[in-house]
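In the numbering used here, the protein residues as written are 20 to 243. Even glycine gets a Cβ: it sits at the ideal position worked out from N, Cα and C. Below is one structure, written out as C-alpha cells; comments come after it.
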C-alpha cells in the first residue's frame with residue numbers, strides 16, 4: 020500500500036510538519052456493506068425495546084356483553100374491549116422485543132478500519148498536534164473549530180486520554196461536536212459526524228489498537 024501523508028495542524032489553524040499514516044488503518048478498501056451492518060448493530064443495541072400495547076385480553080373491563088345478541092337492531096358485540104371499540108385493545112400492536120444485533124470483535128474492528136479509511140479518502144480527516152485547551156471555555160473551543168475550518172460541519176475529536184477542558188468546553192455543543200478517546204471509538208462515532216479530527220498522540224494508539232486487534236489498555240491511555 021502507498022504511504023499516506025497528511026499535515027499536522029495546530030490549534031490556531033496553522034500547519035506544521037507532516038505525519039505518515041499507516042495505510043493498513045487509513046487506506047484499506049471501504050466495505051460499505053460492513054459499515055451498514057455496524058451502524059444498524061450500534062443503533063439497534065441502543066434501543067431498549069420496551070414498547071408495549073395491550074391486546075383485547077389485557078385491557079381492563081369488557082367482561083359483560085354490551086347488549087343482547089338479537090332484537091336491538093344494532094350490530095352484535097361480545098365485549099366493549101374489542102379492537103373496533105373506542106378504549107378497546109390494540110390489534111397487532113408493538114410488544115417488547117430485543118433489537119440487539121451481535122457483531123464479532125473482528126467485524127467491529129474491520130468496520131472501524133473502513134470508517135477511518137473513508138474519512139481519509141474523502142478528505143474529512145485532520146490531525147491536530149495537541150487538543151489541550153487552556154481553559155474549559157466554549158468560546159475558546161469555537162475559536163479552535165473556526166481556525167481549523169470545520170465550524171460549519173458536525174465534528175468529532177479523538178483524543179489519546181481524558182481531556183477535561185475539552186470535554187467541559189464541548190458540553191454546550193453536543194449536537195455539532197463530540198469527543199471520544201481512542202478506546203471508545205467505533206465506526207458509528209466516525210460516520211455520525213462528517214469531520215474527523217485526531218490528536219497526534221492518539222494516532223499511534225489507534226493504529227496499535229486496530230492492528231493488534233485488541234483494545235488499548237486504560238493504563239496506556241492515561242499515560243499518553
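Please list, in chain order, all residues of the same chain as residue i whose beta carbon is under 6 Å from its beta carbon, the five residues on each side excluded.
i           : result
residue 30  : 163
residue 23  : 40, 42, 45, 46
residue 285 : Summary: the structure shown does not reach residue 285, with the chain confined to residues 20 through 243, and so no result is reported for it.
residue 139 : 45
For residue i versus residue j, is the C-beta distance shorter than 7 Å?
i           : j           : result
residue 161 : residue 217 : no
residue 185 : residue 152 : yes
residue 148 : residue 199 : no
residue 176 : residue 150 : yes
residue 133 : residue 54  : yes
residue 156 : residue 197 : no
residue 63  : residue 116 : no
residue 49  : residue 137 : yes
residue 84  : residue 97  : yes
residue 167 : residue 32  : yes
residue 51  : residue 113 : no
Quick one: what does DSSP say residue i is sitting in, helix, strand or coil?
i           : result
residue 28  : strand
residue 198 : strand
residue 137 : helix
residue 164 : helix
residue 34  : strand
residue 181 : coil
residue 234 : Any answer about residue 234 is weak, because its pLDDT of 48 lies below 50 and its placement is not dependable; what the coordinates show is given next. The answer is coil: DSSP assigns residue 234 none of H, G, I, E or B.
residue 172 : coil
Just to confirm my understanding: we take residue i, look at its own chain, exclude 5 residues before and 5 after, and list those with CB closer than 8 Å. What are they?
i           : result
residue 101 : 75, 81, 107, 108
residue 169 : 145, 214, 216
residue 122 : 56, 57, 60, 130
residue 27  : 34, 35, 36, 37, 38, 146, 147, 148, 219
residue 174 : 164, 195, 196, 197, 212, 213, 214, 215, 216
Go to residue i, then tell me how far its beta strand (DSSP E) extends in each direction, as first and last residue.
i           : result
residue 74  : Counting along the chain, residue 74 falls outside any beta strand (DSSP E), and DSSP gives it neither H nor E.
residue 215 : 214 to 218
residue 144 : 144 to 147
Starting from residue i, trace the alpha helix (DSSP H) in both directions and tell me its first and last residue.
i           : result
residue 45  : 42 to 45
residue 18  : An answer regarding residue 18 cannot be provided, because it is not within the stretch 20 to 243 covered by the chain.
residue 207 : 206 to 211
With a threshold of 7 Å on Cβ separation, who are the neighbours of residue i within its own chain once the five nearest residues in sequence on each side are excluded?
i           : result
residue 77  : 108
residue 110 : 102
residue 135 : 44, 45, 209
residue 88  : 95
Should residue i be flagged as near chain B, meaning a C-beta pair shorter than 7 Å?
i           : result
residue 206 : Absent here is chain B; the protein component of the structure consists of one chain.
Is it buried or exposed, residue i, if we count other Cβ atoms within 10 angstroms and call 16 or more buried?
i           : result
residue 172 : exposed
residue 128 : buried
residue 73  : exposed
residue 182 : buried
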